[in-house]
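Novice:
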Amino acid sequence: MPWDTDFLGFPVARLAAAGLAPAELAAAMAAARHAGFRLVYVVAVPADAPVPAAMQQAGAQLFDRKATFAMSLLAPGAGGAPAAAVGTATEYTPQLESLAWQSGEYSRFRLDARFALHVFKDLYSRWLRSSLAGTIARRVLVWRDAAGTEQGLLTLGEKNNRADIGLLAVDARARGQRVGQALVAAAVAQASDWGYQELQVVTQRDNEPACRFYEKCGFALAHEEHIYHWWL
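Right under this line is the structure:
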């Protein structure tokens, strides 16, 4: 994985373990070990019975039960009406960076203690800046309070022919005010205007509040995969 290798400063690989028989998985792991990687992301699906035992034996740890939720944009009234307080952003601010960090509370790069804390922060800061620059997002939506301070953030791009929510966060001080619902409604409206038929968002199954929130907004679970970190 060239980007991860460059960002982390050591060789990183991805091992697609879905559907592999035990012997095939063992051979793939042996090849990864022989290739000199320092970290391997082993990606599987919940139905892959051989994977958990093989990961435990290898000392790998499950850090992400990655859940993709999707919503049809063809349903009447999908998302509801966006709030007037939702606008856009193109410039970096420290508050937006704080929101980006808050969005990654359950990130595997934050949960894995083998990574220094700055790795997680640097990653999400880059994600924010690339989104603001239009590199990995088409639009950055923000919810501002009466003083003009950004209290909510949502980045909107595209993946797999679907509109895709990247970062989504509401400042801890503004939660319970339907800020998240307003941002999602704005994302639905924007994605529909762009002509997309579906909107997706990826979160962690262990982030139960986020999963409940997306289901409340009209999303349904479309896919789940498990990501292990195997340090060598």
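Quick note on the UniProt record's numbering: the sequence shown kicks off at 1 and runs consecutively. Beta carbons are placed, not taken as given, at the ideal position from N, Cα and C, and that holds for glycine.
Indicate the three-state DSSP secondary structure (helix, strand or coil) for M55 in the structure shown.
Specialist: Looking at M55 - three-state DSSP - the assignment turns out to be helix.
Novice: Taking L99 and E150 to be in contact with their CB atoms under 8 Å, please state how far apart those CB atoms are, rounded to whole angstroms.
Specialist: Correct: roughly 6 Å between the Cβ atoms.
Novice: Does DSSP put E91 in a helix, a strand or coil?
Specialist: Residue state, collapsed to three classes: coil.
Novice: In the DSSP output, what is T135 paired with across the bridge?
Specialist: The partner list for T135 (beta bridge, DSSP) is empty, contrary to what the question assumes.
Novice: Taking the beta carbon of L74 as the centre, do at least 16 other beta carbons fall within 10 Å, making it buried, or is it exposed?
Specialist: Answer is exposed; the Cβ neighbour count stays below 16.
Novice: Could you tell me the distance, in whole angstroms, from the CA atom of G59 to the CA atom of V40?
Specialist: Between G59 and V40, the C-alpha separation is close to 12 Å.
Novice: What is the DSSP secondary structure of V45, counted as helix, strand or coil?
Specialist: Of the three classes helix, strand and coil, the one that applies to V45 here is coil, per DSSP.
Novice: Find out if the Cβ-Cβ distance for the pair Y106, Q197 is shorter than 9 Å.
Specialist: No; because the gap between Cβ atoms is not below 9 Å, this pair is not in contact.
Novice: Ordered along the chain, which non-local residues of its own chain (more than five positions away) have a Cβ less than 6 Å from that of A54?
Specialist: The residues are L25.
Novice: With three or more C-beta pairs closer than 8 Å as the rule, is the region 172 to 180 touching the region 121 to 135?
Specialist: Flag = no, the region 121 to 135 and the region 172 to 180 do not touch.
Novice: Looking at R38 and W231, is the spacing between their C-beta atoms short of 9 Å?
Specialist: In contact: W231 and R38 (Cβ atoms closer than 9 Å).
Novice: Which one or two residues does DSSP pair with L15 in a beta bridge?
Specialist: BP columns for L15 point to V42.
Novice: Could you tell me which residues DSSP pairs with D4 in its beta bridges?
Specialist: None, per the DSSP bridge assignment.
Novice: Among the residues of its own chain, which have a CB less than 7 Å from the CB of A137, if the five just before and after it don't count?
Specialist: If we look at A137 and ignore the five residues flanking it on each side, its Cβ neighbours are S131, T155, L156, G157 and G166.
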